[in-house]
Each structure stands twice: as C-alpha cells, then as structure tokens.
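When we follow the working numbering, the leftmost residue of the sequence shown carries the number 3, and every step to the right adds one.
For every residue, glycine included, the Cβ atom is placed at its ideal position computed from N, Cα and C.
Take a look at the structure below.
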Amino acid sequence: MAIKVGIINVTGYAGAELARILWGHPEVEVVSVTGRSEAGKKLVEVFPHLACYDMTVEPELGPSVDFAFSALPHAASAEACAPLVRAGVPVVDISADFRLRDAAEYSEWYGGEHPAPDLLEAAVYGLPELYREGIKATKLVANPGCYPESALLALAPAVEAGIIAPEIIIDSKSGVSGAGRGLKLNLHLGEAGESVSAYGLEGHRHLPEIVQELAAMWPPIEAPGPSKPKVTFTPHLIPMTRGILSTCYAALVAGHVPAGGAAKPAVREIYEQFYKDEPFVRVVEAPPSTKQTRGNNMCLVYPTVDVRTERLVVVSVLDNLVKGAAGQAVQNMNLMMGFPETMALDTPAVYP
Ligand SMILES: NC(=O)c1ccc[n+]([C@@H]2O[C@H](COP(=O)([O-])OP(=O)(O)OC[C@H]3O[C@@H](n4cnc5c(N)ncnc54)[C@H](OP(=O)(O)O)[C@@H]3O)[C@@H](O)[C@H]2O)c1
C-alpha cells in the first residue's frame with residue numbers, strides 16, 4: 003500500500019517540483035499539500051501543469067501523513083518540521099534549517115535563533131553519495147542546498163583521495179529559479195535577460211555549508227598551509243530558468259598524482275572509482291552543459307587537470323530544482339522508507 007505523503011508549501015518552485023516528481027512514484031500517494039497565500043484554491047488553479055492532482059491547497063498539513071516534505075523558506079521550515087519529527091513522522095526538509103550542525107553558525111548566517119536546535123544532532127545531511135547509511139537510519143534529513151550539492155559532488159572524490167591543497171575556488175552559475183518564485187526586481191526579464199552578474203561575493207549563505215561538508219571529509223594531507231579547506235565561492239545569476247554549473251579549482255598536491263600528462267587519467271580514475279556505483283552521478287567524457295540534466299536527477303561531473311598550473315579543474319552540472327532540491331528529496335525519501343533509491347527518478351533529461 004502506498005504511503006501517505008504531505009508537501010508543506012507546494013506553492014513555491016521546489017514544492018511544485020516535488021508534486022510533479024511524486025506523481026510518478028508508485029509507492030506514494032500525495033494526500034495533503036499546503037500553501038499560505040494560495041490556501042483554499044485547487045492545485046490546478048495555482049499550477050495548471052499539475053492538473054493530474056484533484057487537490058485543494060490547505061493552510062496546514064492534514065493529520066494523517068506517513069511522510070512529509072517541507073519546501074518552506076528557512077526558519078518557517080524548522081518550525082513546521084519540528085512537531086512532525088517529534089511525533090515520529092519522517093521528514094525531508096528542503097530548506098537550510100537543519101544543514102548547519104552548529105546553531106551559532108546558523109544564527110550568524112541566517113539571523114535569529116535556530117527554531118529547533120535540539121533536533122540538529124538527529125538531522126543527517128541529505129547527500130546520499132556521502133551519507134547514504136545515515137540517511138537510511140534517520141527521521142530527519144536536511145536536503146543540501148543546490149550550490150553546495152553541485153560543488154560537493156565535484157570535489158568529494160578529490161578531497162577524499164587527498165590529492166588537492168586546501169585553497170579551493172568554486173565558481174558557480176545558476177538559473178533564476180534558484181532564487182525562488184517570489185517577485186524580485188533583479189529577476190525580471192528586463193534585468194536578468196541577456197545579462198550575467200555575480201553576487202554574494204562577501205559571503206553567500208551556502209558557503210558555510212560547503213565548508214562544513216568539505217571539512218568533514220578533509221583527510222590529513224602533508225601539504226603546506228592550512229589543514230582545513232579555505233573556500234572562495236562566487237555564485238552568478240545567468241539568464242536561464244533551471245540549472246547550475248560549477249567550476250571548481252584547486253592545486254594538486256605534489257606527489258599524490260603523477261606529474262604532467264599522466265595526471266589527467268589518474269584523476270579521472272579516482273573520480274570513476276568514487277562514483278562507480280552511484281545511480282545519479284556520472285563522470286563524463288567532455289565538459290557537460292546544464293541542458294544535459296534539465297528536469298532529471300543527474301549530476302554530471304567532468305574532472306580534468308590544467309598541467310601548466312598543476313591544478314585540478316572540475317565542472318559539474320545539475321538541475322537546481324531536481325538533484326538540487328526536489329529530486330534529491332525524493333531520493334532521500336526512497337532511502338529513508340526502504341524503496342529502491344531510483345524509484346520515480348530514473349528519467350532522461352528534457353531536451354532540447
Ligand atoms: N529554488 C531552488 O532551486 C531551491 C533549491 C534548493 C533548496 N531550495 C529551498 O527550498 C525552499 C523553497 O524554495 P523555493 O525556491 O521553492 O521558494 P519560492 O518559490 O520562493 O517559494 C517560497 C514561498 O514560500 C511562501 N512563504 C514565504 N514565507 C513563508 C512563511 N513564513 N510561511 C509560509 N509560507 C511562506 C511564499 O508564498 P506565499 O507568500 O504565497 O505564501 C513564497 O512564495 C527554500 O528554503 C529554499 O532555500 C530551493
């Protein structure tokens with residue numbers, strides 16, 4: 003029998019994408035969807051593309067759900083998730099609320115006190131490629147941010163193998179849906195169209211999440227300089243709807259990979275081994291483009307070496323609303339509920 007699932011805040015981009023993906027899930031029945039300003043409307047009135055659902059948007063989640071997703075903004079999300087988790091309902095939180103393990107760091111980056119600091123210890127960071135067993139065993143998953151997901155999947159094999167120095171540069175580009183559905187001047191077509199801009203240069207909120215996770219896997223390496231990662235992360239807004247492309251740079255540690263032209267195949271081998279059993283990460287033969295993952299749950303990773311500077315360069319692409327949000331959340335639910343990990347997610351990208 004299908005489990006009864008609730009989506010808190012179906013009316014944002016991430017919530018709507020969850021509803022779209024869950025429609026194709028054979029073990030799930032979506033029984034309750036919530037939204038604030040659209041409460042009382044039929045879901046099809048808000049989102050004509052979700053006409054498959056005959057449901058009304060409710061102000062609060064119905065009482066009898068077996069599993070819940072929250073796609074609320076931060077702070078509101080932890081407040082909504084906490085009573086469910088305390089009542090034993092498994093939850094995937096797509097917001098940032100349970101990603102940072104330290105409540106003081108959360109306050110520093112997100113402002114205000116954490117709404118449920120007592121639950122931080124129970125939360126597992128929802129990146130199956132790093133934390134699969136923990137995800138299976140928990141009732142509260144903190145779904146990764148879309149930028150961190152792309153950066154961590156690009157860097158994890160190199161970090162775990164101990165082949166890069168701690169100074170890392172992550173240059174990321176995101177489509178406008180990454181900023182959500184709310185009206186903002188910089189997202190208007192006339193502002194964002196035919197233009198590219200950098201933002202968050204003095205410290206984007208995803209930076210502490212990236213550093214936390216890189217530090218957690220950082221091996222002791224005999225390299226000069228700091229023994230923990232020092233990350234420069236620069237996000238850019240680009241005029242497309244979906245997709246993130248991250249290019250990550252770090253110096254190779256002398257002696258840890260062969261010099262010269264042999265470095266590239268050696269690095270590639272490390273990446274292929276790391277991801278050989280992963281259903282949603284593929285090490286590709288040529289630099290990928292965001293369109294290759296549009297609408298599906300894949301992350302494509304292209305590692306190479308700039309032999310002139312002895313620097314690792316890794317490009318990763320994913321769809322911020324799928325592997326970067328709703329698809330990742332469903333993958334996590336599959337693990338938490340003991341369903342096949344790829345259920346409802348094993349679809350090709352939309353092309354062109
Ligand atoms: N977009 C992405 O690519 C992406 C990726 C990964 C994670 N996320 C995370 O997913 C969550 C949702 O993001 P999104 O992009 O889907 O946002 P969104 O499209 O902007 O939707 C957020 C909606 O939440 C409602 N809302 C705002 N404050 C609220 C509150 N206090 N209580 C109840 N409803 C409230 C607003 O709707 P009304 O004003 O109409 O009520 C707003 O339109 C965020 O935590 C975000 O960080 C997003």
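A distance of 7 Å or more separates the beta carbons of HIS258 and PRO237.
Uninterrupted beta strand (DSSP E) stretches at least 3 residues long and entirely within the segment 164-201 occur at 166-176, given in chain order. Membership of GLY8 in the beta strand (DSSP E) is indicated by the continuous run 5-10. Per DSSP, LYS266 is not a residue of any beta strand (DSSP E); the alpha helix (DSSP H) it occupies stretches across 265-276.
Here THR306 has LYS266 and VAL315 as same chain residues with Cβ atoms under 7 Å from its own Cβ, once five neighbours each way along the sequence are excluded.
When DSSP states are grouped into helix, strand and coil, VAL317 belongs to the strand group.
Taking a C-beta distance under 7 Å as the contact criterion, PRO342 and VAL317 do not qualify as a contact pair.
Between ligand 1 and CYS148, a heavy atom-to-CB distance of less than 6 Å is present. By the beta-carbon neighbour count (other beta carbons within 10 angstroms, threshold 16), ARG22 is buried. With a threshold of 6 Å, the Cβ atom of GLY128 does not count as near ligand 1, since no heavy atom of the ligand is closer than that. Closest in alpha carbon position to LEU323, among VAL255, ALA18 and ILE5, is ALA18.
Under the three-pair Cβ rule at 8 Å, the segment 240-258 counts as touching the segment 177-185. The Cβ atoms of ALA252 and ILE170 sit closer than 7 Å to each other. Counting the other Cβ atoms within 10 Å of the Cβ of HIS51 gives fewer than 16, which makes it exposed. The C-beta distance from LEU74 to SER34 rounds to 14 Å, too long to meet the 8 Å contact threshold. Cβ-Cβ distances below 8 Å link GLY192 to nothing in the same chain once the five nearest sequence neighbours on each side are left out. In the DSSP assignment, LEU20 falls outside any beta strand (DSSP E) and lies within the alpha helix (DSSP H) extending over 15-25. Scanning its chain for C-beta atoms nearer than 6 Å, with the 5 sequence neighbours on each side dropped, one finds around CYS54 the residues TRP25, in chain order.
Excluding the 5 residues flanking it on each side, ARG313 has same chain C-beta neighbours closer than 8 Å at TYR251, ALA252, ALA253, LEU254 and VAL307, in chain order.
Under DSSP, the beta-bridge partners assigned to ILE246 are SER176 and LEU320. Proximity of the beta carbon of ALA80 to ligand 1 is not indicated: no heavy atom of the ligand is located closer than 6 Å. In terms of Cα proximity to ALA125, the closest of LEU102, SER197 and ILE9 is LEU102. DSSP links ARG134 through a beta bridge to no other residue.
At least 7 Å separates the beta-carbon of VAL303 from that of ALA163. Secondary structure in the segment 41-88: the beta strand (DSSP E) runs of 3 residues or longer, each lying completely within the stretch, are 69-72 in chain order. The C-beta distance from SER248 to ILE172 rounds to 6 Å, short enough to meet the 8 Å contact threshold. For PRO210, there is no enclosing beta strand (DSSP E); the enclosing alpha helix (DSSP H) covers residues 208-219.
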